[in-house]
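Participant:
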Amino acid sequence: MLEKVAPHRLRGQSIIWSQDFDCGLLKDIFDRADKLPRGRRNSALRNKRVILLFYEVSTRTRFSFEAAVDDLGGTRLDTENASILSSVAKGETLEDSIRVIASYGDAIILRHQEDTAAMRARDILQSNNIWVPVINAGCGGVGGQHPTQSLLDLYTIKKEISRTEGLTVAMVGDLKHGRTVRSLAYLLGKFPGNQIHFIAPWELMIGNDIIAYLKRHKVDVTLGTDLGKVVESVDIVYMTRVQKERFSDPAAYERLKGSYRLTVSLAERMRPEARIMHPLPKVDEIDPAVDLLPQAAYFRQADNGLQIRKALLEMILGE
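Take the sequence shown: its letters are residues 1467 to 1785, numbered as in this note's numbering.
1) Can we say the stretch 1516 to 1523 touches the stretch 1539 to 1547, given the rule of at least three CB pairs closer than 8 Å?
2) Between L1538 and L1779, how many whole angstroms is the CB-CB distance? I'm expecting something under 8 Å.
3) What residue ranges within the stretch 1627 to 1674 form continuous beta strand (DSSP E) runs of no fewer than 3 residues, ordered along the chain?
4) Looking only at C-alpha atoms, which of L1492, S1480 and R1475 sits nearest to Y1652?
5) For A1755, tell me which candidate among A1768, S1628, E1734 and T1559 has the shortest Cα-Cα distance.
6) Assuming F1531 is part of the alpha helix (DSSP H), what are its boundary residues?
7) How long is the line joining the alpha carbons of Y1679 and V1687, rounded to whole angstroms?
8) For D1675, count neighbouring C-beta atoms within 10 Å of its own C-beta (all shown protein chains included) and say buried if the count is 16 or more, exposed if not.
9) Pull up the DSSP beta-bridge partners for G1540, would you.
10) Just the Cα atoms here: how many angstroms apart are A1636 and G1784?
11) Looking at the unbroken beta strand (DSSP E) that takes in A1603, where does it start and where does it end?
12) Starting from R1577, trace the beta strand (DSSP E) both ways and give me its first and last residue.
See below:
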């Protein structure tokens, strides 16, 4: 769990897993995000250098973290494809890379293809008395997580629906490989009265570890393959793409990639106050015409990423 340190618990702390957050800390982060003026800069990270070490491609996560550092008056070092453009291409281990790179900055924001990469990075630093926080910016696939995405997702739900409890959520698509789905499910388990419908082909269904966690936290869970059976009753439809990069068998991807498509006719069956979310990028799982519906919240969701990541960096590194 995250350590409790003054003046607030996140000062100097790493962000590794979504389940490390408690309701009080989530409220603190969301309150901080609300108070940060949009489009305004400050000097909270003055004299701080942040390293963005991305072994996988990224658009929204990388750019929003870069913008957050800039808006808070910090400086940054970054690489977009460290698996090719760093000494990893020569065979260097993650642990060796992290030990060296940590000496160049005050925090490391890490995206990596391995589930436990952020934890390993934090642990190798702490075992060598190097107290540089590591922020998981999306690591792994089947067992991976993307905790800062789950924060902006829950923040979006709070802003759009005005609550984080008593929700009925349908998570749809590639739930096996979806680290955003896993991370958001962990957060939804923190609040009472939530219900989650996992809708996916059985080959891409959510893992048993998530189901067990949710049941321990008294979240009502159902598994199914037909979004149409629940679409009229949900508060949130959380769509995801089938992740081509996670498939070793191209034929399996081709067979499953079109499993779910949210059409206008299906979306119009949702209640007016319900919302459609997506961590993006979307491919063809949402009809472009759905973008025009009032329920479509995924672009506002993406916009919230900058506010949440600014709040996190200010709380972890701010003077």
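For each residue, glycine too, the CB sits at the ideal point set by N, CA and C. Please read all numbers here as calculations on a predicted model, not as lab measurements.
Facilitator: The structure says:
1) Yes, the stretch 1516 to 1523 is in contact with the stretch 1539 to 1547.
2) To locate residue 1538, count along the sequence shown from 1; it is residue 72. To locate residue 1779, count along the sequence shown from 1; it is residue 313. For a cut-off of 8 Å, the C-beta gap from L1538 to L1779 is around 6 Å, short enough to register as a contact.
3) Runs found: 1634 to 1638 and 1661 to 1665.
4) Residue 1652 sits at position 186 when you count from the first residue of the sequence shown. When each option's Cα is compared against that of Y1652, the closest is L1492.
5) Taking the sequence shown and counting its residues from 1, one reaches residue 1755 at position 289. Of the candidates A1768, S1628, E1734 and T1559, the one whose C-alpha sits nearest the C-alpha of A1755 is E1734.
6) Here the question's residue 1531 lines up with position 65 in the sequence shown. Counting along the chain, the alpha helix (DSSP H) containing F1531 begins and ends at R1526 to D1537.
7) Residue mapping note: residue 1679 aligns to position 213 of the sequence shown, counting from 1. Residue mapping note: residue 1687 aligns to position 221 of the sequence shown, counting from 1. Spanning the two alpha carbons is a distance of roughly 11 Å.
8) In the sequence shown, the residue the question calls residue 1675 occupies position 209. The Cβ neighbour count for D1675, taken over all protein chains shown within 10 Å, is under 16; the residue is labelled exposed.
9) Translated into positions along the sequence shown, residue 1540 becomes position 74. Answer is none; G1540 lacks a bridge partner.
10) Taking the sequence shown and counting its residues from 1, the one referred to as residue 1636 is at position 170. Taking the sequence shown and counting its residues from 1, the one referred to as residue 1784 is at position 318. Looking at the two C-alpha atoms, the distance is approximately 37 Å.
11) Taking the first residue of the sequence shown as position 1, residue 1603 is located at position 137. For A1603, the enclosing beta strand (DSSP E) has its first and last residue at V1600 to C1605.
12) For the purposes of this step, residue 1577 is taken as the residue at position 111 of the sequence shown. It spans A1573 to H1578 - the beta strand (DSSP E) in which R1577 sits, taken as one unbroken run.
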